[in-house]
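Asker: Under my numbering, the residues of the sequence shown are numbered 111 to 915, in order.
All C-beta atoms in this analysis are idealised placements derived from N, C-alpha and C, irrespective of residue type, glycine included.
Computed from a predicted structure; not experimentally measured.
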Amino acid sequence: MGSSWWTDLRLALRQWRKRPAPIAAALTVLAIGIGANAAVFSIAHALLLRPLPYVEPDRLVRLAPERPVSRHMLDVFRTDGRGFVDVSAYDSDRVALTGDGEPETLFAMSVSAHHFELLGIRPVHGRSFRDEASSPGRGDSVLLTHELWRTRFAADPEVVGRTIEIDDRPREILGVLPATFRPLRRDVGLYLPLEIDPSNDDYDGMRFLSLVARLDGEHDLQHARAETRRLFAQIRADDPSMLLEDEVRAVNAVGLHEAESGEARGAVVVLAAVTALILLAACANVANLLLAQAVGRQREMAVRAALGAGTRRLVRQLLVESLLLGLAGGALGLALAKIGLVTLTRSLADTAPELADAGLSTMVLGLSVALSLVAAMIFGSAPALRLARVDLRGALQAASRGSTGRQWLGQALVAAQVAASMVLLVGAGLFLRSLSNLHAVELGFATEHRLTAQIVPSAARYADEESQRLLWQRMLDTLEAQPWSEQVGAAQALPLTGSRWIFPIDRHDRAPAADGGQTAVARVAIVNDGFFDTLEIPLLAGRGFDAGDGADAERAAIVDQAYARTTFGGENPLGRLLRVDGEEGDNLRIVGVVADVRHDGPSQASPGMVYLPLRQWPQRVLNVAIRTTADDPGAAASATRWADELRAAVWSIDPDAPVSALRAYDDIRAENTVAARMLARLVGLFAAVALALAAAGLYGVLAQLVAARRRELGIRLALGARRRTVELDVVGRSARLVLAGLALGTVGAWALGRLAASQLHEVSATEPVAWLGAAVLLTLLALAGAWLPARRAGRVDPATVLRAD
Numbered sequence: 111m112g113s114s115w116w117t118d119l120r121l122a123l124r125q126w127r128k129r130p131a132p133i134a135a136a137l138t139v140l141a142i143g144i145g146a147n148a149a150v151f152s153i154a155h156a157l158l159l160r161p162l163p164y165v166e167p168d169r170l171v172r173l174a175p176e177r178p179v180s181r182h183m184l185d186v187f188r189t190d191g192r193g194f195v196d197v198s199a200y201d202s203d204r205v206a207l208t209g210d211g212e213p214e215t216l217f218a219m220s221v222s223a224h225h226f227e228l229l230g231i232r233p234v235h236g237r238s239f240r241d242e243a244s245s246p247g248r249g250d251s252v253l254l255t256h257e258l259w260r261t262r263f264a265a266d267p268e269v270v271g272r273t274i275e276i277d278d279r280p281r282e283i284l285g286v287l288p289a290t291f292r293p294l295r296r297d298v299g300l301y302l303p304l305e306i307d308p309s310n311d312d313y314d315g316m317r318f319l320s321l322v323a324r325l326d327g328e329h330d331l332q333h334a335r336a337e338t339r340r341l342f343a344q345i346r347a348d349d350p351s352m353l354l355e356d357e358v359r360a361v362n363a364v365g366l367h368e369a370e371s372g373e374a375r376g377a378v379v380v381l382a383a384v385t386a387l388i389l390l391a392a393c394a395n396v397a398n399l400l401l402a403q404a405v406g407r408q409r410e411m412a413v414r415a416a417l418g419a420g421t422r423r424l425v426r427q428l429l430v431e432s433l434l435l436g437l438a439g440g441a442l443g444l445a446l447a448k449i450g451l452v453t454l455t456r457s458l459a460d461t462a463p464e465l466a467d468a469g470l471s472t473m474v475l476g477l478s479v480a481l482s483l484v485a486a487m488i489f490g491s492a493p494a495l496r497l498a499r500v501d502l503r504g505a506l507q508a509a510s511r512g513s514t515g516r517q518w519l520g521q522a523l524v525a526a527q528v529a530a531s532m533v534l535l536v537g538a539g540l541f542l543r544s545l546s547n548l549h550a551v552e553l554g555f556a557t558e559h560r561l562t563a564q565i566v567p568s569a570a571r572y573a574d575e576e577s578q579r580l581l582w583q584r585m586l587d588t589l590e591a592q593p594w595s596e597q598v599g600a601a602q603a604l605p606l607t608g609s610r611w612i613f614p615i616d617r618h619d620r621a622p623a624a625d626g627g628q629t630a631v632a633r634v635a636i637v638n639d640g641f642f643d644t645l646e647i648p649l650l651a652g653r654g655f656d657a658g659d660g661a662d663a664e665r666a667a668i669v670d671q672a673y674a675r676t677t678f679g680g681e682n683p684l685g686r687l688l689r690v691d692g693e694e695g696d697n698l699r700i701v702g703v704v705a706d707v708r709h710d711g712p713s714q715a716s717p718g719m720v721y722l723p724l725r726q727w728p729q730r731v732l733n734v735a736i737r738t739t740a741d742d743p744g745a746a747a748s749a750t751r752w753a754d755e756l757r758a759a760v761w762s763i764d765p766d767a768p769v770s771a772l773r774a775y776d777d778i779r780a781e782n783t784v785a786a787r788m789l790a791r792l793v794g795l796f797a798a799v800a801l802a803l804a805a806a807g808l809y810g811v812l813a814q815l816v817a818a819r820r821r822e823l824g825i826r827l828a829l830g831a832r833r834r835t836v837e838l839d840v841v842g843r844s845a846r847l848v849l850a851g852l853a854l855g856t857v858g859a860w861a862l863g864r865l866a867a868s869q870l871h872e873v874s875a876t877e878p879v880a881w882l883g884a885a886v887l888l889t890l891l892a893l894a895g896a897w898l899p900a901r902r903a904g905r906v907d908p909a910t911v912l913r914a915d
């Protein structure tokens, strides 16, 4: 038995040597189809299927994921929540790590007691927090991530017990977290205990937290959602000023896996659908290729059958050839997937950093083998059955005269390829139109020749407002005096950087809600005097901030058009008062109106912004935007030079202030469209591949049809049929195949448009340009695929055909 299979394999390899060109074409097509699916499945596995690296991760939930919560809310969830084993709170902020080496800015996550026990994580060195967390004055400790331990402390196992300075505050290193641990927020370098002071009455308004809970074994996610809404309603009933009624109704709870998958989930689902279509088109193309060769092998199979080969033997031989082809195509596909995976992970790294270690896992390899085998069965079964059931008495004549039988299968496969092409072409048109719309969006501010950086001075050294005010006055003056700097803008959050501040702000003349609840909230940005000029944000009315907006002056505010429109309607907002947190002492006088800015990216309109002056609202951590004289601030040499000079300028004021996030603003803008660019390019590439496959399939079927009907065509021409009529008959068959594919593809294109709706910007799923473009391309495809077979059909020599017969 084993030798028989070995014989089949040797015969298959011999067939490869006899037909290298079609085998190479089939291998290329399969490699593209299987490779694309393997790469996208690797992404989907890492993002959607791979369990989170925690103990029983399916029992972990994020509570109220769209709304920060306060200390009081944490207490309510812990004491009154039903079905939760434990609830942990966490927050993150940038801190300055000083001491050995240059000062460094890190993201630090502050976590409440038992946070790591809740996740089921144990440090590889030392221990985690115990009663240090949540106790004011007892938080002089820190946990290191494995990456920081490796890069900053050279993986020293004796690091536990050492003291380091974080924001000028000595902290003892308690432990080192494992390399497999994945923080709940990206880019976290170290962990601090979350110090909660119940005596601090201002705490609820000053710090907002995120909650993660572990469900007990008797309750599910639906219970967590219901319990979250119940507790929020209880909180509002106890103190209506803490929550709006709409917030209670909108609150939710989601599984931690879903919460962590990020914005990349939708893009990956679309890519999975697209690559499935590519594999379908590839299988159809290879099946057509094998069917075309099946006609040429009828004589061979008839001879082998006459010599005693049974039907099972012939079927097995042909299936071995198909399996060998599928497995070889799968192996090449995995090589392509390895290359494509690097591109995909880089493109999605910012929206889903957990994809950084996505690779061709055992599951992906298994899937690729399964895809190869399934594909082989799909494209190999039809030719195998066709060739195995040859008519011994008529096979030799059929081999010489041709046969028109069973052409329907090849035509159906071509129609399927055309349908896949239609879907992908429409999809490519939609994504390209969406990308064009994103690029055409006016952000409302200038990014060219702008550099950005974040400066994080010590929290201990600059704890009071006066010291912060003096620091930034000196710091900004020094930066503006640099030869490469024309103007400097500063803000606690720059546009496009993703940071959000929300204050409870409303019109002063609008009475608070009857139950004491705040009637409105606003997005807030705290900026310096030069912020608007540096970013060229137009001032539409009133004035900008200036030296007169000092600490002792009346509090000022500048609003954008969106906020003025939604808050004041058609009324003039200049000179009007805004009320902060419902207290008379915190009124703001509107002194100016500026144009809208897309703070959250090109796809998001302004949410309505209130700008406050830095002089009146001092900050410790600021982001600076510098209008520079550099021709290309993003170029490597230029970026290195100005980065060194910027650090030197900052350190001339405070040598312990870390400087991070040094980037050209144009790069930040480009990152906001990376997912859209990736989808447009990949779907466009796949559409081009599918179009080429459909063209090849159409040509192959028509050429085979002409060859099979050569005798018939010769007789028709001999009886007086015009050559143009014969040519049009072939073209008509091509048109019918394309029309059938268009009809089928229309349904698929509509489904893809609905699936991808969340990834499109100002584009309808029925965008006429995309649909018309796809139809035109496929019509041209029909003409191109039919041209050469039609000319061959019209040039059949009747005398030669009849003499051969």
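Within a Cβ cutoff of 7 Å, which residues of the same chain sit near Gly895, ignoring the five residues on either side of it in sequence?
Answerer: For the purposes of this step, residue 895 is taken as residue 785 along the sequence shown, with counting starting at 1. Within the same chain, Gly895 has close Cβ partners Ala805, Leu808, Tyr809, Leu812 and Ser844.
Asker: Terminal residues of the continuous alpha helix (DSSP H) containing Glu877?
Answerer: For the purposes of this step, residue 877 is taken as residue 767 along the sequence shown, with counting starting at 1. No residue range can be given for Glu877, since it is assigned to no alpha helix (DSSP H) and is classified by DSSP as neither H nor E.
Asker: When the Cα atoms are used, what is the spatial distance from Ser595 to Val269?
Answerer: As a first step, residue 595 must be located in the sequence shown, where it is residue number 485. As a first step, residue 269 must be located in the sequence shown, where it is residue number 159. Distance between the alpha carbons of Ser595 and Val269 is about 42 Å.
Asker: Count the other C-beta atoms from every protein chain shown that fall within 10 angstroms of the C-beta of Gly440, then say buried if there are 16 or more, exposed otherwise.
Answerer: Residue numbering aside, residue 440 sits at position 330 when the sequence shown is read from its first letter. Per the 10 Å Cβ criterion, buried.
Asker: Looking at the unbroken beta strand (DSSP E) that takes in Asp196, where does it start and where does it end?
Answerer: Position 86 of the sequence shown holds residue 196. That run of the beta strand (DSSP E) goes Phe194 to Thr208.
Asker: Count the other CB atoms, across all protein chains shown, that sit within 10 Å of the CB of Asn310; report buried if there are 16 or more and exposed otherwise.
Answerer: Taking the sequence shown and counting its residues from 1, one reaches residue 310 at position 200. Low per-residue confidence applies at Asn310: pLDDT is 49, beneath 50, and the placement is therefore not dependable enough to give any value.
Asker: Measuring straight from C-alpha to C-alpha, what distance separates Leu258 and Pro161?
Answerer: As a position in the sequence shown, residue 258 is number 148, starting the count at 1. As a position in the sequence shown, residue 161 is number 51, starting the count at 1. Rounded to the nearest angstrom, the two C-alpha atoms are 24 Å apart.
Asker: If you draw a straight line from the alpha carbon of Ala223 to that of Ile142, how long is it in whole angstroms?
Answerer: Here residue 223 refers to the residue found at position 113 when the sequence shown is read from its first residue. Here residue 142 refers to the residue found at position 32 when the sequence shown is read from its first residue. C-alpha separation (whole angstroms): 51 Å.
Asker: Roughly how far, in whole angstroms, is the beta-carbon of Ala447 from the beta-carbon of Gly145, given that I think they are within contact range, below 8 Å?
Answerer: Against the sequence shown, residue 447 aligns to sequence position 337. Against the sequence shown, residue 145 aligns to sequence position 35. Indeed they touch by this definition, with Cβ atoms about 4 Å apart.
Asker: What is the residue span of the alpha helix (DSSP H) that Phe655 lies within?
Answerer: Taking the sequence shown and counting its residues from 1, the one referred to as residue 655 is at position 545. Taken as a continuous stretch (DSSP letters only), Phe655 belongs to no alpha helix (DSSP H), as it is neither H nor E.
Asker: Apart from the five residues on each side of it in sequence, which residues of its chain come closer than 7 Å, Cβ to Cβ, to Leu534?
Answerer: On the sequence shown, position 424 is the one that residue 534 refers to. The residues are Val384, Leu387, Val793, Phe796, Ala797 and Ala800.
Asker: Return yes when the Cβ of Val731 is within less than 7 Å of the Cβ of Arg204, no when it is not.
Answerer: On the sequence shown, position 94 is the one that residue 204 refers to. On the sequence shown, position 621 is the one that residue 731 refers to. It is a contact, given that the beta carbons lie within the stated cut-off.
Asker: Roughly how many angstroms lie between the CA atoms of Glu552 and Pro712, to the nearest whole one?
Answerer: As a first step, residue 552 must be located in the sequence shown, where it is residue number 442. As a first step, residue 712 must be located in the sequence shown, where it is residue number 602. Here the alpha carbon of Glu552 sits roughly 8 Å from the alpha carbon of Pro712.
Asker: Quick check: the Cα distance between Gly679 and Arg617, rounded to an integer number of angstroms?
Answerer: On the sequence shown, residue 679 is found 569 positions in, with the first residue counted as 1. On the sequence shown, residue 617 is found 507 positions in, with the first residue counted as 1. Looking at the two C-alpha atoms, the distance is approximately 12 Å.
Asker: Are the CB atoms of Gln729 and Ile636 nearer to each other than 7 Å?
Answerer: Here residue 729 corresponds to residue number 619 of the sequence shown, with the count starting at 1. Here residue 636 corresponds to residue number 526 of the sequence shown, with the count starting at 1. Yes. Within cutoff.
Asker: Do Val703 and Leu650 have their C-beta atoms closer together than 7 Å?
Answerer: Here residue 703 refers to the residue found at position 593 when the sequence shown is read from its first residue. Here residue 650 refers to the residue found at position 540 when the sequence shown is read from its first residue. Yes, these two residues count as a Cβ contact at 7 Å.
Asker: For Pro280, count neighbouring Cβ atoms within 10 angstroms of its own Cβ and tell me buried if that reaches 16, exposed if not.
Answerer: Against the sequence shown, residue 280 aligns to sequence position 170. Exposed, because fewer than 16 other Cβ atoms sit within 10 Å of the Cβ of Pro280.
Asker: Let's test the definition: count the other Cβ atoms within 10 Å of the Cβ of Trp881 and tell me whether it reaches 16, buried, or not, exposed.
Answerer: If you number the sequence shown from 1, residue 881 lands on position 771. Trp881 comes out buried.
Asker: Is it buried or exposed, Ile778, if we count other Cβ atoms within 10 angstroms and call 16 or more buried?
Answerer: Your numbering for residue 778 matches position 668 in the sequence shown. Flag for Ile778 reads buried.
Asker: Rank Leu451, Arg620 and Val528 by C-alpha distance to the C-alpha of Leu390 and give the top, closest one.
Answerer: Here residue 390 refers to the residue found at position 280 of the sequence shown. Closest option to Leu390, Cα to Cα, is Val528.
Asker: Measuring only the C-alpha atoms, how far is Leu442 from Ile763?
Answerer: In the sequence shown, counting from the first residue as 1, residue 442 sits at position 332. In the sequence shown, counting from the first residue as 1, residue 763 sits at position 653. Near 58 Å, if we compare the C-alpha coordinates of Ile763 and Leu442.
Asker: Using a threshold of 7 Å, state whether the C-beta atoms of Phe361 and Arg340 are closer than that.
Answerer: Within the sequence shown, residue 361 is the residue found at index 251, counting from 1. Within the sequence shown, residue 340 is the residue found at index 230, counting from 1. It is Val, not Phe, that sits at residue 361 in the sequence shown. Not closer than 7 Å, so no.
Asker: For Ala674, which residues of its own chain have a beta-carbon under 6 Å away from its beta-carbon, when the five flanking residues on both sides are left out?
Answerer: Within the sequence shown, numbered from 1, the residue matching residue 674 stands at position 564. Scanning its chain for C-beta atoms nearer than 6 Å, with the 5 sequence neighbours on each side dropped, one finds around Ala674 the residues Pro683 and Val703, in chain order.
Asker: Let's see if you can read the secondary structure: which residues bound the beta strand (DSSP E) around Leu157?
Answerer: As a working mapping, residue 157 is identified with position 47 in the sequence shown. Here Leu157 belongs to no beta strand (DSSP E), and DSSP marks it neither H nor E.
Asker: Any chance you could list the beta strand (DSSP E) runs of at least 3 consecutive residues sitting entirely within the segment 716-771, in chain order?
Answerer: 719-723 and 732-738
Asker: Which stretch, first to last residue, makes up the beta strand (DSSP E) that contains Ser220?
Answerer: Sequence index remark: in the sequence shown, residue 220 carries index 110 (1-based). Note, Ser220: beta strand (DSSP E), Glu214 to Val221.
Asker: Between Pro233, Ala867 and Gln427, which has its C-alpha nearest Trp116's C-alpha?
Answerer: Taking the sequence shown and counting its residues from 1, the one referred to as residue 116 is at position 6. Ranking Pro233, Ala867 and Gln427 by Cα distance to Trp116 puts Gln427 first.
Asker: So, Gly236 versus Gly299, is the Cβ gap smaller than 7 Å?
Answerer: Here residue 236 refers to the residue found at position 126 when the sequence shown is read from its first residue. Here residue 299 refers to the residue found at position 189 when the sequence shown is read from its first residue. Cβ atoms of Gly236 and Gly299: not closer than 7 Å.
Asker: For Val760, which residues in the same chain have their Cβ closer than 7 Å to its Cβ, ignoring the five residues on either side in sequence?
Answerer: Sequence index remark: in the sequence shown, residue 760 carries index 650 (1-based). If we look at Val760 and ignore the five residues flanking it on each side, its Cβ neighbours are Ile565, Met585, Ala767 and Val769.
Asker: Please name the residue in Ala174, Pro213, Ser716 and His367 whose C-alpha comes closest to that of Val358.
Answerer: One-based indexing of the sequence shown puts residue 358 at position 248. Ranking the options by Cα distance to Val358, first place goes to Ala174.
Asker: If I measure Cβ to Cβ from Ala530 and keep anything under 6 Å in the same chain, skipping five residues before and after, which residues do I get?
Answerer: Here residue 530 refers to the residue found at position 420 when the sequence shown is read from its first residue. Excluding residues within five positions, the ones whose Cβ falls inside 6 Å are Leu387, Leu390, Ala391 and Ala800.
Asker: Once the 5 residues before and after Arg926 are set aside, which same chain residues still bring their CB inside 6 Å of it?
Answerer: The requested residue 926 does not occur in the structure, where the chain is confined to residues 111 to 915.
Asker: What are the residues that DSSP puts in a beta bridge with Gln564?
Answerer: Along the sequence shown, read from residue 1 onward, the residue named residue 564 stands at position 454. Beta bridge pairing from DSSP links Gln564 with Asn733 and Ser770.
Asker: Alpha helix (DSSP H) containing Ser713: first to last residue?
Answerer: Position 603 of the sequence shown, counted from the first residue, corresponds to residue 713. Taken as a continuous stretch (DSSP letters only), Ser713 belongs to no alpha helix (DSSP H), as it is neither H nor E.
Asker: From which residue to which residue does the alpha helix (DSSP H) around Ser577 run?
Answerer: By one-based count along the sequence shown, residue 577 stands at place 467. Its alpha helix (DSSP H) spans residues Glu575 to Glu590.
Asker: For Leu331, tell me which candidate among Arg262, Val171 and Asn733 has the shortest Cα-Cα distance.
Answerer: Indexing the sequence shown from 1 puts residue 331 at position 221. Checking every option, the nearest Cα to that of Leu331 belongs to Val171.
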